[in-house]
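Enquirer:
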Amino acid sequence: MAVKDYLRQRFFPHLWCPGCGHGIVMSGMIRAIDRLGLEKSEIVVVAGIGCSSRMPGYLDFHTMHTLHGRALAFATGVKMGRPDLKVIVPMGDGDALAIGGNHLIHAARRNLDLTAIIMDNRIYGMTGGQFSPMTPFGEKGTTAPYGNIDHAFDIVKLVKGAGASFVARTTTYHAQEMIGILEKAIEHKGFSVVEVMSQCPTYYGRKNRLGSAIEMMSQYKDRTTPIGSKKARENPELIERGIFVKQERPEYAQAYKGLVDRYWTSTDMSGTGETT
Ligand SMILES: Cc1ncc(C[n+]2csc(CCOP(=O)(O)OP(=O)(O)O)c2C)c(N)n1
Ligand code: SF4
9 MAVKDYLRQR
19 FFPHLWCPGC
29 GHGIVMSGMI
39 RAIDRLGLEK
49 SEIVVVAGIG
59 CSSRMPGYLD
69 FHTMHTLHGR
79 ALAFATGVKM
89 GRPDLKVIVP
99 MGDGDALAIG
109 GNHLIHAARR
119 NLDLTAIIMD
129 NRIYGMTGGQ
139 FSPMTPFGEK
149 GTTAPYGNID
159 HAFDIVKLVK
169 GAGASFVART
179 TTYHAQEMIG
189 ILEKAIEHKG
199 FSVVEVMSQC
209 PTYYGRKNRL
219 GSAIEMMSQY
229 KDRTTPIGSK
239 KARENPELIE
249 RGIFVKQERP
259 EYAQAYKGLV
269 DRYWTSTDMS
279 GTGETT
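Residue numbers 9 to 284, in this note's numbering, belong to the letters of the sequence shown in order.
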């Protein structure tokens with residue numbers, strides 16, 4: 009199908025600023041779903057609040073636009089009720105790691121089959137450029153005019169440590185790589201997390217004098233490298249991209265079904281006091 013067939017065109021024009029990376033991520037998600045040959049009715053997109061979280065308005069799947077930081081909690085309810093559906097959760101770095109940080113680590117630990125896409129623009133875009141848990145030390149935001157003195161999370165290490173069974177990182181510059189990674193993440197049976205570095209030229213770019221959206225994207229090209237590459241070995245400052253974790257672990261909804269089945273087979277339904 010064409011990309012436009014996955015969109016609710018009645019909600020366009022979208023609200024993203026010119027050059028915002030989030031549209032590239034939405035396009036990547038659509039292309040990954042299209043390549044996987046999934047029906048629109050098989051997909052649920054659950055988001056919180058933020059520029060990135062506007063996606064459920066634009067995408068023509070089952071969609072939920074919920075509360076800031078709570079998308080994974082809503083998504084958990086959806087998946088437990090309908091384990092047959094693919095549930096995708098687009099989030100901002102503030103949404104996923106500040107107010108929603110606790111949901112993220114527990115979703116990773118539990119291994120429920122959800123795909124979390126974290127659009128890391130290193131700032132709170134929607135509310136005007138406040139610093140987020142991904143704003144690097146020394147960088148600026150509207151609430152850090154003299155430079156941030158917090159240290160940023162490493163999303164990959166955080167969710168890997170919390171137990172996510174699929175963990176990847178890519179950027180909006182690497183659009184084809186992003187589609188391939190999203191395809192694998194959506195296919196994966198378990199909790200998958202994809203960090204997509206996504207530019208916010210309006211706030212993060214302007215506050216830190218990073219130039220236009222195109223210049224910000226070229227920095228993704230220059231400052232990242234594939235996992236384990238020669239460049240990565242030679243320059244530890246470079247950020248690695250690719251799939252860091254892909255492992256089979258018992259999936260939560262299946263484990264829960266197993267638990268319920270075990271309960272019913274061991275429970276006395278005859279009134280004789282005998283159990284099976
Ligand atoms: C409970 C609650 N707290 C705060 C807000 C205000 N708020 C809305 S979006 C947002 C942050 C958005 O940043 P991020 O999640 O990084 O997404 P982006 O807009 O950068 O894509 C905040 C603090 C809210 N809507 N609800
Ligand atoms: S404020 Fe930043 S994140 Fe939000 S739409 Fe504009 S460029 Fe994108």
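C-beta atoms are modelled at their ideal positions from N, C-alpha and C, and glycine is treated no differently.
Pick from K192, G58, K168: whose alpha carbon is nearest that of L23?
Expert: G58
Enquirer: Need the endpoints of the beta strand (DSSP E) that K94 sits in, please.
Expert: 94-100
Enquirer: Under 7 Å: does the beta carbon of Y211 sit that close to some heavy atom of ligand 2?
Expert: yes
Enquirer: Should the region 214-229 be regarded as contacting the region 258-270, the criterion being three or more beta carbon pairs within less than 8 Å?
Expert: No, they do not touch.
Enquirer: From what residue to what residue does the alpha helix (DSSP H) around P64 run?
Expert: 63-66
Enquirer: Which residues bound the alpha helix (DSSP H) around T84?
Expert: 79-89
Enquirer: So V53 and F174 are in contact, right, with Cβ under 8 Å, and what is the actual spacing, rounded?
Expert: Rounded, the Cβ-Cβ distance is 18 Å, inconsistent with contact.
Enquirer: Taking the straight line between their C-alpha atoms, what separation do you get for G45 and Y132?
Expert: 34 Å
Enquirer: Given this structure, state the Cα-to-Cα distance separating C208 from F19, to the nearest angstrom.
Expert: Rounded to the nearest angstrom, the two C-alpha atoms are 22 Å apart.
Enquirer: Can you determine whether any heavy atom of ligand 1 sits closer than 7 Å to the C-beta of Y132, and answer yes or no?
Expert: yes
Enquirer: Quick check on M88: buried or exposed, where buried means 16 or more other Cβ atoms within 10 Å of its Cβ?
Expert: By the 10 Å Cβ count, M88 comes out exposed.
Enquirer: Please state if the CB of N156 and the CB of S206 are separated by a distance shorter than 8 Å.
Expert: no
Enquirer: In terms of residues, what are the limits of the alpha helix (DSSP H) holding M37?
Expert: 30-44
Enquirer: Excluding the 5 residues flanking R43 on each side, which residues of the same chain have their C-beta closer than 6 Å to its C-beta?
Expert: Excluding residues within five positions, the ones whose Cβ falls inside 6 Å are E191.
Enquirer: Within its chain, find whatever has a CB closer than 6 Å to the CB of E203; leave out the 5 residues flanking it on each side and keep chain order.
Expert: Close CB contacts of E203 within its chain, under the 6 Å cut and outside five residues either way in sequence, are with I126, D128, I163, R177 (chain order).
Enquirer: Would you call the region 138-157 and the region 71-88 touching, i.e. three or more CB-CB distances under 8 Å?
Expert: These segments do not touch.
Enquirer: Assuming contact is defined by CB atoms lying nearer than 8 Å, are A55 and V95 in contact in what I supplied?
Expert: no
Enquirer: For the alpha helix (DSSP H) that contains V292, what are its first and last residues?
Expert: Within the shown structure, residues of the chain are numbered from 9 to 284, placing residue 292 beyond reach of any answer.
Enquirer: What do you reckon, is the C-beta of H73 under 7 Å from a heavy atom of ligand 2?
Expert: no
Enquirer: Under the rule that 16 or more other beta-carbon atoms within 10 Å means buried, what is G36, buried or exposed?
Expert: buried
Enquirer: Taking the C-alpha atoms as reference points, what is the distance between G65 and Y181?
Expert: 24 Å
Enquirer: I222: which of A261, M9, G29 sits nearest, CA to CA?
Expert: Nearest Cα to I222 within the set A261, M9, G29: G29.
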